[in-house]
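Enquirer: Numbering (our numbering), first residue to last: 1 to 248.
Glycine included, C-beta positions come from ideal geometry on N, C-alpha and C.
Keep in mind that this is a model prediction, so the values were computed, not measured.
To start, I am sharing the structure in question, which I have written as structure tokens.
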Amino acid sequence: MSASPSQLLVLWDIDHTLIETRGVGRALYERAFPQATGKTLTTLANVSGRTELEILRKTLRDNGVEPSDNAVSHLAAALTRCYDTHRDWLARQGRVLPGAAESLAALDTEPRVLQSVLTGNLRDIAQIKVQVFGLTRYLDLSIGAYGDDHVDRADLVKIAQCNASVKGSDTFDGANTVLIGDTTRDVAAGLKAGTRVIGVATGKSSLRELREAGAGTVLPDLGNTQALVRAVLGDSPSPGTNCPQAIG
Numbered sequence: 001m002s003a004s005p006s007q008l009l010v011l012w013d014i015d016h017t018l019i020e021t022r023g024v025g026r027a028l029y030e031r032a033f034p035q036a037t038g039k040t041l042t043t044l045a046n047v048s049g050r051t052e053l054e055i056l057r058k059t060l061r062d063n064g065v066e067p068s069d070n071a072v073s074h075l076a077a078a079l080t081r082c083y084d085t086h087r088d089w090l091a092r093q094g095r096v097l098p099g100a101a102e103s104l105a106a107l108d109t110e111p112r113v114l115q116s117v118l119t120g121n122l123r124d125i126a127q128i129k130v131q132v133f134g135l136t137r138y139l140d141l142s143i144g145a146y147g148d149d150h151v152d153r154a155d156l157v158k159i160a161q162c163n164a165s166v167k168g169s170d171t172f173d174g175a176n177t178v179l180i181g182d183t184t185r186d187v188a189a190g191l192k193a194g195t196r197v198i199g200v201a202t203g204k205s206s207l208r209e210l211r212e213a214g215a216g217t218v219l220p221d222l223g224n225t226q227a228l229v230r231a232v233l234g235d236s237p238s239p240g241t242n243c244p245q246a247i248g
């Protein structure tokens, strides 16, 4: 669908915003690491809000492997294979977070909204995750931005905006982009890119932390679909206001 001047690009984080793998993600890293390096994984880098390129490089370094481009590429490929092989395990162990599917479905009925993802996940892994949990029909994954597109999350916002602008007939920028995520890193990326940001406290960042980071709206979860839709459509304060709104 072509964009019009009144349309909004809504970019969703995936992990701990839409879904949880509930331990499968780490377990698959533990399987992929020896496949790629011949070594046992002893330390996994902090994954919260980071892009996969950051995580891959730091994990290699922390486990005594030089994070060369070749080493990163091998680990990324092994991790992707593990996710593809263990789709059924991910489906059984993981879950869609409460209200996530309903929120996506509600926004899907809004003609002015284009939905995609902005995630630290590698592209193929992100697509596996949303496919496994039946969320693909609400998202245009072709215009999303992924952890193998750039190491800096704020630059991922620009990549997604460019993708959406090329595919549609309008230019997407900070004024007509909304970023939804669960970490202060998501908030920082959105603010740096000039977008509106909705923080959802379903990950490690609390309502207070998301608010103090500058999210224009903070939600305890996605259980209140109407509140989420109102926030996306602009019925909440913009980033940078003195009193970000907590709903729920």
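From what residue to what residue does the beta strand (DSSP E) around T177 run?
Expert: That run of the beta strand (DSSP E) goes T177 to G181.
Enquirer: Reducing DSSP to helix, strand and coil, say where E102 ends up.
Expert: In the structure shown, E102 sits in a helix (DSSP, three-state: H, G or I).
Enquirer: For the alpha helix (DSSP H) containing S165, name the first residue and the last one.
Expert: Unbroken alpha helix (DSSP H) run through S165: R153 to K167.
Enquirer: State the beta-bridge partners of G174 as determined by DSSP.
Expert: According to DSSP, G174 bridges with nothing at all.
Enquirer: In angstroms, rounded to a whole number, what distance separates the CA positions of G49 and I19?
Expert: The alpha-carbon atoms of G49 and I19 are separated by roughly 14 Å.
Enquirer: Mapping the DSSP letters down to three states, classify S236 as helix, strand or coil.
Expert: Bear in mind that a pLDDT of 40 at S236, under 50, signals an unreliable position, so the model cannot answer this.
Enquirer: Name the one or two DSSP bridge partners that D15 has.
Expert: In the DSSP output, where bridge partners are listed per residue, D15 has I19.
Enquirer: Is Q115 helix, strand or coil when you go by DSSP?
Expert: DSSP places Q115 in strand when its eight states are reduced to three.
Enquirer: Whose C-beta lies closer than 8 Å to the C-beta of W272 among residues of the same chain, with five residues either side of it excluded?
Expert: This structure does not reach residue 272, given that the chain is present from 1 up to 248, and the question cannot be answered.
Enquirer: Could you have a look at V229 and say whether DSSP puts it in helix, strand or coil?
Expert: V229: helix per DSSP, three-state reduction.
Enquirer: List, from N- to C-terminal side, the alpha helix (DSSP H) runs of 4 residues or more that fit wholly inside the stretch 28-82.
Expert: Those alpha helix (DSSP H) runs which fall completely within the stretch 28-82 and span 4+ residues are 52-62.
Enquirer: How about V294 and V232: are their beta carbons less than 7 Å apart?
Expert: The structure shown does not extend to residue 294, since the chain spans only 1 to 248, so no value can be given for it.
Enquirer: Helix, strand or coil: which one does DSSP assign to G199?
Expert: Reduced to three states, the DSSP call for G199 is strand.
Enquirer: Assign E52 to one of two classes, buried (16 or more other C-beta atoms within 10 Å of its C-beta) or exposed (fewer than that).
Expert: Buried, by the Cβ-count rule.
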